[in-house]
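Residue numbers (this note's numbering), protein chains in the order written: chain G, 1 to 195; chain X, 1001 to 1207; chain L, 2001 to 2201. Glycine residues also receive a C-beta, built at the ideal position from the N, C-alpha and C atoms. Working notes, structure below.
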């Protein structure tokens, strides 16, 4: 692990392997968001934080439990169970300590902590052979990539509302087509690596 | 999966029992799931292991004809890229090695099988798998390209134009990254074999 | 019988989980780049949805409310893990190319919603719902995989149909998936409104 590898992983996580545009994670969150840019950003931050935290947790699970005991076949069940339990615990904790935070996020905590983006980040860090710092970096920047994607998208959707779109493409179809175009742009980042 | 007691100082007795009951039920569900999966895994693990070696076993006779292939126990360094080594044995004599090595490609991994003789020179190379998106990486699965590696030893460099010397190979235009990846994998394989031979020589000298 | 047909029509067409309810998109878009992958993933999806639906509807009475979500997810994860193991043993190439998207089926919206419906239903209904949802998903997977593999790679099931020089490589990428899905969605909406009009007349 060197500074160069950390930089490489972070750039990779946010651009070349962007959670939404390269790995197609978190589609449900993406298509649900029809609110303002602000609420989209709020969701994005919440998901990013979950991704970072859960990446470290999944690294730890792999390090302490799965790899040493050869339990690769239990990986899915373990990761999902952990994510759901941590989500529940966080929900209870937040309701007691800071209920306004849940209001601010705009969508339900379970959806934010247990979705394809977070489980995707967990799976990647669990399988990847990164060490703990690298796993944290990956989760953090993957989350940042997701945040960027979802905010970018909310902005684009706002613009689309004022555009003249053919009737048959209005609504979700044009959203996906636009997402596809952005993903095309992101393809330009493929292959970036310092290693 | 009990909640840390510090967070909930004021639980009545019945809340505590309910919590216990809930945790136990969850634990029971998870444990039964884990047990069934373990059983299924026990049944299938032999097949899974056989699948893992099947590719290599099919390719080895093509790149390094021999009577037997014996797996070699080898301590792989981190990030060395080498996934397995087999010794190729004919008439009881170790003639060389077949090494499987992986290397990162444009958007995935390339896995190669490399036949290395006892002078650490490459004999033949074959592609085992290309995990990236179809279309680009496959271009390296070409006899002309892979044939360039034959007879080369030491560190092989991939160059874009004509070769400058014996330890160069030319990349496939339009598939530079994949060609570089293939070259890396071959280098990993050769390095592993020289390391293996060096260790054997040390052991031989020591005993 | 008529009720069953109406139910199937509703689940597979009018409330198709991916096209109408926007569920289960993540694995769908990522996996549909070749027919073998798409079809086998669809089979796994149907398997997971039906089995987890059945089990959840059976044990839902025994599970306290607080951990219902957790148990539903563990059940889905369990069946996904079974599918993973079976694929890993008998079809390792497909297993490798599906990669992390098979486990993601557990947390994708489609399994979630299926669990929700199964909680309140009887075993038979739960199984049928799982089957119907899965079939709708499977149909879409087949369509997308067919288009993406044929026009993106020039092959079908790995057999070359025409040279890849004539193929649009972009279809195989995530961008292609999103673009294609957008167009399919638009066409589907038209289809639905046409069908609805026909029914009203």
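Proximal residues to residue i (C-beta, below 6 Å), its chain only, five neighbours per side dropped
{"i": "residue 1015 of chain X", "result": "none"}
{"i": "residue 1005 of chain X", "result": "Low confidence applies to residue 1005 of chain X: its pLDDT is 47, below 50, so where it sits in the model is not reliable, and the reading given next is rough at best. Once the five neighbours on either side are set aside, residue 1005 of chain X has no close Cβ partner at all."}
{"i": "residue 15 of chain G", "result": "189"}
{"i": "residue 2190 of chain L", "result": "none"}
{"i": "residue 2171 of chain L", "result": "2148, 2151, 2152"}
{"i": "residue 2097 of chain L", "result": "2037"}
Contact check, residue i vs residue j, beta carbons under 7 Å
{"i": "residue 2209 of chain L", "j": "residue 2038 of chain L", "result": "Any property of residue 2209 of chain L remains undetermined from this structure, which presents chain L solely from 2001 to 2201."}
{"i": "residue 48 of chain G", "j": "residue 147 of chain G", "result": "yes"}
{"i": "residue 2022 of chain L", "j": "residue 31 of chain G", "result": "yes"}
{"i": "residue 2077 of chain L", "j": "residue 76 of chain G", "result": "yes"}
{"i": "residue 127 of chain G", "j": "residue 9 of chain G", "result": "no"}
{"i": "residue 2069 of chain L", "j": "residue 2052 of chain L", "result": "no"}
{"i": "residue 24 of chain G", "j": "residue 2029 of chain L", "result": "yes"}
{"i": "residue 154 of chain G", "j": "residue 37 of chain G", "result": "yes"}
{"i": "residue 2071 of chain L", "j": "residue 1029 of chain X", "result": "yes"}
{"i": "residue 2008 of chain L", "j": "residue 2132 of chain L", "result": "yes"}
{"i": "residue 1192 of chain X", "j": "residue 1179 of chain X", "result": "no"}
{"i": "residue 1182 of chain X", "j": "residue 1140 of chain X", "result": "yes"}
{"i": "residue 1090 of chain X", "j": "residue 1117 of chain X", "result": "no"}
{"i": "residue 143 of chain G", "j": "residue 41 of chain G", "result": "no"}
{"i": "residue 92 of chain G", "j": "residue 2073 of chain L", "result": "no"}
{"i": "residue 1110 of chain X", "j": "residue 1100 of chain X", "result": "no"}
{"i": "residue 2047 of chain L", "j": "residue 2083 of chain L", "result": "yes"}
{"i": "residue 2017 of chain L", "j": "residue 2136 of chain L", "result": "yes"}
{"i": "residue 2001 of chain L", "j": "residue 2157 of chain L", "result": "no"}
{"i": "residue 179 of chain G", "j": "residue 2178 of chain L", "result": "yes"}
{"i": "residue 2105 of chain L", "j": "residue 119 of chain G", "result": "no"}
{"i": "residue 2153 of chain L", "j": "residue 2167 of chain L", "result": "yes"}
{"i": "residue 1126 of chain X", "j": "residue 1059 of chain X", "result": "yes"}
{"i": "residue 74 of chain G", "j": "residue 1052 of chain X", "result": "no"}
{"i": "residue 2185 of chain L", "j": "residue 86 of chain G", "result": "no"}
{"i": "residue 1087 of chain X", "j": "residue 1070 of chain X", "result": "yes"}
{"i": "residue 2126 of chain L", "j": "residue 2054 of chain L", "result": "yes"}
{"i": "residue 1112 of chain X", "j": "residue 1185 of chain X", "result": "yes"}
{"i": "residue 19 of chain G", "j": "residue 141 of chain G", "result": "no"}
{"i": "residue 2067 of chain L", "j": "residue 1026 of chain X", "result": "yes"}
Neighbourhood of residue i by C-beta distance below 8 Å, restricted to the same chain and skipping five residues each side
{"i": "residue 89 of chain G", "result": "none"}
{"i": "residue 1202 of chain X", "result": "none"}
{"i": "residue 2183 of chain L", "result": "none"}
{"i": "residue 2101 of chain L", "result": "2026, 2027, 2030, 2031, 2041"}
{"i": "residue 195 of chain G", "result": "In this prediction, residue 195 of chain G scores a pLDDT of 48, lower than 50, which makes its location untrustworthy; no coordinate-derived value is stated."}
{"i": "residue 2163 of chain L", "result": "2154"}
{"i": "residue 28 of chain G", "result": "111, 115, 116"}
{"i": "residue 2130 of chain L", "result": "2046, 2049, 2050, 2051, 2052, 2053, 2054, 2114, 2118"}
Cutoff 7 Å; reference residue i; Cβ partners in own chain excluding five residues on either side
{"i": "residue 84 of chain G", "result": "114"}
{"i": "residue 44 of chain G", "result": "146, 147, 150, 151"}
{"i": "residue 1155 of chain X", "result": "1167, 1187"}
{"i": "residue 135 of chain G", "result": "55, 56, 59, 125"}
{"i": "residue 2045 of chain L", "result": "2105, 2134, 2137, 2138"}
Partners in chain C for residue i, counting only beta-carbon separations shorter than 8 Å
{"i": "residue 124 of chain G", "result": "Protein chains in the displayed structure are G, X and L, and chain C is not among them."}
Jot down the residue ranges of each uninterrupted alpha helix (DSSP H) in the stretch 131-195 of chain G, minimum 4 residues, whole runs only, in chain order. Runs found: 132-161, 172-186.
Would the stretch 1148-1158 of chain X count as touching the stretch 1063-1076 of chain X if we require 3 or more Cβ pairs under 8 Å? Too few Cβ pairs lie closer than 8 Å, so no.
Are three or more beta carbon pairs between the stretch 49-62 of chain G and the stretch 170-186 of chain G nearer than 8 Å? No, the stretch 49-62 of chain G is not in contact with the stretch 170-186 of chain G.
Report yes or no: do three or more beta-carbon pairs, one from the stretch 2114-2124 of chain L and one from the stretch 1080-1096 of chain X, lie closer than 8 Å? Segments in contact, no.
With 9 Å as the C-beta to C-beta threshold (strictly closer), list the residues of the stretch 169-182 of chain G near chain L in chain order. Residues 169, 170, 171, 172, 173, 174, 175, 176, 177, 178, 179, 180, 181, 182.
What are the residues in the stretch 62-83 of chain G lying within 7 Å of chain X by C-beta distance? Cβ contacts with chain X: 73, 74, 77, 81.
Cβ-based contacts, 7 Å cut-off: residues of the stretch 1034-1058 of chain X near chain G: Hits within the stretch, in order: 1034, 1037, 1041.
For the stretch 2055-2065 of chain L and the stretch 2087-2105 of chain L, state whether three or more C-beta atom pairs, one from each stretch, are separated by less than 8 Å. Touching, no.
Enumerated in chain order, which unbroken segments of the alpha helix (DSSP H) with a length of 4 residues or greater are wholly contained in the stretch 2087-2142 of chain L? Runs of the alpha helix (DSSP H) inside the stretch 2087-2142 of chain L: 2092-2098, 2109-2120.
Every unbroken alpha helix (DSSP H) inside the stretch 25-83 of chain G [4 residues or more]: Counting only runs that start and end inside the stretch 25-83 of chain G, the alpha helix (DSSP H) elements of at least 4 residues fall at 27-32, 37-61.
Entirely enclosed alpha helix (DSSP H) segments - the stretch 2022-2047 of chain L, minimum 4 residues: Runs of the alpha helix (DSSP H) inside the stretch 2022-2047 of chain L: 2025-2031.
Closer than 7 Å, Cβ to Cβ, to anything on chain G: give me those residues from the stretch 1012-1033 of chain X, in chain order. From the stretch 1012-1033 of chain X, only 1030, 1033 have a Cβ closer than 7 Å to chain G.
Uninterrupted beta strand (DSSP E) stretches inside the stretch 1041-1096 of chain X (no shorter than 3 residues): If we require 3 residues or more, the beta strand (DSSP E) runs fully inside the stretch 1041-1096 of chain X come out as 1068-1071, 1082-1090.
Within 9 Å of chain X by C-beta, residues of the stretch 2074-2085 of chain L in sequence order: Against chain X - using a Cβ distance shorter than 9 Å - the residues of the stretch 2074-2085 of chain L are 2074, 2075, 2077, 2078, 2081, 2082, 2085.
Counting only Cβ-Cβ distances shorter than 8 Å, please list the residues of the stretch 21-50 of chain G near chain L, keeping chain order. Taking 8 Å as the Cβ-Cβ cut-off against chain L, the residues of the stretch 21-50 of chain G that qualify are 21, 22, 23, 24, 25, 26, 27, 28, 31, 32.
Ignoring anything shorter than 3 residues, give me the beta strand (DSSP E) runs that lie fully in the stretch 1147-1194 of chain X, in order along the chain. Restricted to the stretch 1147-1194 of chain X, the beta strand (DSSP E) segments that are unbroken, complete and at least 3 residues in length are 1157-1159, 1168-1170, listed in chain order.
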